[in-house]
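Protein chains: 2
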Amino acid sequence: MEVPRTTQNEAETPPRGSRAWQRRQRVAHILAAAEAVFAETGFEGASMSALAAASGLPKANLHYYFGTKEALYTALLDSILDLWLSATDSIRPENDPAEALAAYVRAKMHWSRTRPFASKVFANEVLHGAPYLGSYLAGELRSLVREKSRVLEGWIAAGRMEPVDPPHLFFAIWAMTQTYADFEAQIRAVLDRPELTAQDHAQGTETVLRLVLKGCGLRFKAAASMGASMGE
Amino acid sequence: MEVPRTTQNEAETPPRGSRAWQRRQRVAHILAAAEAVFAETGFEGASMSALAAASGLPKANLHYYFGTKEALYTALLDSILDLWLSATDSIRPENDPAEALAAYVRAKMHWSRTRPFASKVFANEVLHGAPYLGSYLAGELRSLVREKSRVLEGWIAAGRMEPVDPPHLFFAIWAMTQTYADFEAQIRAVLDRPELTAQDHAQGTETVLRLVLKGCGLRFKAAASMGASMGE
DNA sequence: AACAAGATTGACCGATTGGTCAGCTTTCTC
DNA sequence: GAGAAAGCTGACCAATCGGTCAATCTTGTT
Numbered sequence: 006m007e008v009p010r011t012t013q014n015e016a017e018t019p020p021r022g023s024r025a026w027q028r029r030q031r032v033a034h035i036l037a038a039a040e041a042v043f044a045e046t047g048f049e050g051a052s053m054s055a056l057a058a059a060s061g062l063p064k065a066n067l068h069y070y071f072g073t074k075e076a077l078y079t080a081l082l083d084s085i086l087d088l089w090l091s092a093t094d095s096i097r098p099e100n101d102p103a104e105a106l107a108a109y110v111r112a113k114m115h116w117s118r119t120r121p122f123a124s125k126v127f128a129n130e131v132l133h134g135a136p137y138l139g140s141y142l143a144g145e146l147r148s149l150v151r152e153k154s155r156v157l158e159g160w161i162a163a164g165r166m167e168p169v170d171p172p173h174l175f176f177a178i179w180a181m182t183q184t185y186a187d188f189e190a191q192i193r194a195v196l197d198r199p200e201l202t203a204q205d206h207a208q209g210t211e212t213v214l215r216l217v218l219k220g221c222g223l224r225f226k227a228a229a230s231m232g233a234s235m236g237e
Numbered sequence: 006m007e008v009p010r011t012t013q014n015e016a017e018t019p020p021r022g023s024r025a026w027q028r029r030q031r032v033a034h035i036l037a038a039a040e041a042v043f044a045e046t047g048f049e050g051a052s053m054s055a056l057a058a059a060s061g062l063p064k065a066n067l068h069y070y071f072g073t074k075e076a077l078y079t080a081l082l083d084s085i086l087d088l089w090l091s092a093t094d095s096i097r098p099e100n101d102p103a104e105a106l107a108a109y110v111r112a113k114m115h116w117s118r119t120r121p122f123a124s125k126v127f128a129n130e131v132l133h134g135a136p137y138l139g140s141y142l143a144g145e146l147r148s149l150v151r152e153k154s155r156v157l158e159g160w161i162a163a164g165r166m167e168p169v170d171p172p173h174l175f176f177a178i179w180a181m182t183q184t185y186a187d188f189e190a191q192i193r194a195v196l197d198r199p200e201l202t203a204q205d206h207a208q209g210t211e212t213v214l215r216l217v218l219k220g221c222g223l224r225f226k227a228a229a230s231m232g233a234s235m236g237e
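Protein sequence lines, in the order shown, are assigned to chains A and B.
Position 120 of the first sequence, counted from 1, bears residue number 125 in this note's numbering, the numbering being contiguous throughout.
Position 137 of the second sequence, counted from 1, bears residue number 142 in this note's numbering, the numbering being contiguous throughout.
Pasting the structure below:
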């Protein structure tokens with residue numbers, strides 16, 4: 006069930022217009038279309054014909070590029086994982102705790118707004134027991150959390166923030182930020198919006214920042230109020 | 006696509022051992038088995054034969070009781086919804102904000118621990134755009150949030166808590182608490198556990214309480230530390 | 001005891017699923 | 001420009017899908 010992570014994304018780009026370059030273009034195009042389909046219907050709910058229709062290609066063409074539906078799915082997961090790991094750069098011992106955590110929350114919220122489908126595909130995978138991502142979660146992600154937790158513990162020991170359990174703080178941040186992508190249907194319904202606005206996301210970011218920063222005993226400056234998020 | 010909510014769950018219980026009583030028993034038994042299957046594989050991923058196998062009944066028997074897979078699914082959703090609405094009782098104007106919010110968080114965390122499958126079924130439904138729950142979200146849930154938001158606004162106006170945007174505070178609480186059910190696979194992997202322990206949940210509850218209460222400018226008393234949640 | 005209503009289920013159905021493949025076209029290489 | 005390699009796709013496949021139904025068994029009523 007577990008999939009070994011490839012490193013294809015780190016290979017250098019082939020010359021523009023070449024055969025290999027065109028292949029990458031098409032693969033990327035298929036993956037982009039598949040992201041939306043998998044996000045909306047899940048792995049089992051996404052049929053190869055639906056994936057083909059979404060990319061505007063015949064079904065047999067998808068099989069030519071990826072072999073199986075599973076391979077297409079894991080290739081997509083692989084391309085999504087980089088996003089997960091990239092946002093923690095700000096959390097380094099020499100940085101200011103408040104600024105570092107704020108930057109992390111903002112990065113996660115930004116990712117929720119700009120790549121909601123990627124977030125949903127990831128969420129769906131984990132929700133169903135992470136059959137393909139299990140080894141990644143127990144490997145790279147666990148290492149990352151361990152490393153960043155040590156940074157937080159350093160700040161706590163130095164009295165620069167209050168003693169919050171670092172892994173659980175990460176779980177809370179992930180949950181609060183990604184909920185704006187994963188559970189967007191619920192948030193939209195409650196706020197009575199056809200779709201979430203930039204202001205909704207700003208209000209969300211502000212609220213998450215408030216909880217995280219004050220929860221860690223750090224300074225938090227409220228932005229100028231834009232009014233209540235629900236009418237009447 | 007939308008499903009009208011039934012009120013079957015409010016009818017009185019028929020005499021024990023009677024025909025109607027036995028029918029309810031079987032329906033409840035099927036729903037309990039279906040909850041696990043739908044939670045683990047989603048609506049599309051759960052086949053009628055898998056649902057039949059999980060309940061130990063022939064497939065045709067499920068169709069006898071529920072007619073279609075969709076009807077079985079919506080009946081399950083309906084039984085889950087009551088849980089969602091029941092935990093907000095503590096949020097009333099005359100209560101203490103800190104105690105009320107803490108009780109709410111604790112209730113949600115408790116539900117995540119004891120009914121993880123129900124949480125996952127709900128999460129899966131919303132994740133895929135809430136095709137069956139849309140009307141409920143825009144109806145009962147929106148009304149509930151409006152009502153409870155007014156309570157929080159009252160507390161804010163009275164200076165009993167800081168000005169947190171009430172709907173977004175609810176989104177944050179829902180996300181942080183249900184993540185222990187919905188994304189349990191991820192949390193388990195990061196914490197390196199075969200399964201989440203009571204202590205993990207206690208640590209999680211403590212962290213969520215800290216963020217919510219301090220985020221609202223309310224008093225928070227840390228429980229005695231039980232040690233770091235990650236080894237090393 | 002007789003009958004009706006409810007409960008049960010193996011066998012079957014058309015539709016759709018993921019996947020294959022032969023045969024065609026396009027592009028690159030020499 | 002000839003041959004090889006890569007790209008492409010309509011037609012097809014076995015397996016599985018959700019759902020149906022006639023036949024049988026069980027239970028409650030009289």
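Yeah, the Cβ is synthetic: ideal placement off N, Cα and C, and Gly gets one too.
Just so you know, these numbers come straight off a predicted model, no measurement behind them.
Pull up the CB-CB distance for residue i and residue j, whole angstroms please, since I reckon it's below 8 Å.
i: A103 of chain A; j: L223 of chain A; result: 4 Å
i: L59 of chain B; j: A41 of chain B; result: The sequence as given places Ala at residue 59 of chain B; Leu does not occur at that position. Going by Cβ atoms, the distance from A59 of chain B to A41 of chain B rounds to 6 Å, so yes, they are a contact pair.
i: V131 of chain A; j: A44 of chain A; result: Not quite, the Cβ-Cβ distance comes to about 13 Å (not below 8 Å), so this is no contact.
i: I178 of chain A; j: P168 of chain A; result: Contact flag wrong, Cβ pair sits at about 17 Å.
i: A180 of chain B; j: A180 of chain A; result: 4 Å
i: D205 of chain B; j: R198 of chain B; result: 7 Å
Roughly how many angstroms lie between the CA atoms of residue i and residue j, to the nearest whole one?
i: I192 of chain A; j: S117 of chain A; result: 13 Å
i: R151 of chain B; j: A92 of chain B; result: 15 Å
i: Y109 of chain A; j: V32 of chain B; result: 47 Å
i: V195 of chain B; j: Y137 of chain A; result: 16 Å
i: T241 of chain B; j: T210 of chain B; result: Nothing in the structure corresponds to residue 241 of chain B, since chain B is present only between 6 and 237.
i: S148 of chain A; j: L157 of chain A; result: 14 Å
i: L67 of chain B; j: I35 of chain B; result: 8 Å
i: A25 of chain B; j: W89 of chain B; result: 28 Å
i: S154 of chain A; j: A203 of chain B; result: 21 Å
i: Y78 of chain B; j: R97 of chain A; result: 47 Å
i: A143 of chain A; j: M235 of chain B; result: 13 Å
i: R21 of chain A; j: A112 of chain A; result: 31 Å
i: G164 of chain A; j: A105 of chain B; result: 30 Å
i: D170 of chain A; j: L218 of chain A; result: 14 Å
i: F225 of chain B; j: M166 of chain B; result: 13 Å
i: L146 of chain A; j: A190 of chain B; result: 12 Å
i: L201 of chain B; j: A107 of chain B; result: 22 Å
i: L65 of chain B; j: S95 of chain A; result: Looking at the sequence shown, residue 65 of chain B is not Leu but Ala. Distance between the alpha carbons of A65 of chain B and S95 of chain A: 57 Å.
i: L62 of chain A; j: L81 of chain A; result: 17 Å
i: T119 of chain B; j: T18 of chain A; result: 50 Å
Thinking just about the alpha-carbon of each residue, which of the options is nearest to the one in residue i?
i: F176 of chain B; options: A:E158, A:V213, A:V156; result: A:V213
i: E49 of chain B; options: B:D101, B:D87, B:N129, B:L36; result: B:N129
i: Y4 of chain A; options: A:M114, A:K226, A:S84, A:H173; result: This structure leaves residue 4 of chain A out entirely; chain A is present only between 6 and 237.
i: G159 of chain B; options: B:Y141, B:E145, B:E99; result: B:E99
i: Y141 of chain B; options: B:R120, B:L86, B:S154; result: B:L86
i: A207 of chain B; options: B:D197, B:A233, B:E75; result: B:A233
i: H133 of chain B; options: A:R97, A:F225, A:P121, A:G139; result: A:P121
i: I173 of chain B; options: B:A190, B:A37, B:G220, B:G144; result: In the sequence as displayed, the identity of residue 173 of chain B is His instead of Ile. Minimum Cα distance to H173 of chain B is reached at B:G220.
i: G139 of chain B; options: B:D170, B:A112, B:D83, B:E200; result: B:D83
i: F71 of chain A; options: A:R28, A:E145, A:T18, A:A163; result: A:R28
For residue i, is the classification buried or exposed, using 16 other Cβ atoms within 10 angstroms of its Cβ as the cut-off for buried?
i: S124 of chain B; result: buried
i: E75 of chain B; result: exposed
i: G47 of chain A; result: buried
i: A38 of chain B; result: buried
i: A228 of chain A; result: exposed
i: S54 of chain B; result: exposed
i: A51 of chain A; result: buried
Could you pull the start and end residues of the alpha helix (DSSP H) that residue i belongs to?
i: H133 of chain A; result: Careful: H133 of chain A lies outside any alpha helix (DSSP H) and carries neither H nor E.
i: G222 of chain B; result: Taken as a continuous stretch (DSSP letters only), G222 of chain B belongs to no alpha helix (DSSP H), as it is neither H nor E.
i: P171 of chain A; result: 171 to 187
i: L86 of chain A; result: 74 to 91
i: G50 of chain B; result: 24 to 50
i: L138 of chain B; result: It is not in any alpha helix (DSSP H) - L138 of chain B carries neither H nor E in the DSSP assignment.
i: Q233 of chain A; result: Checking the displayed sequence, the identity of residue 233 of chain A turns out to be Ala instead of Gln. First-last for A233 of chain A: undefined, no H or E at that position.
i: L201 of chain A; result: Per DSSP, L201 of chain A belongs to no alpha helix (DSSP H) and is neither H nor E.
i: I161 of chain B; result: 147 to 162
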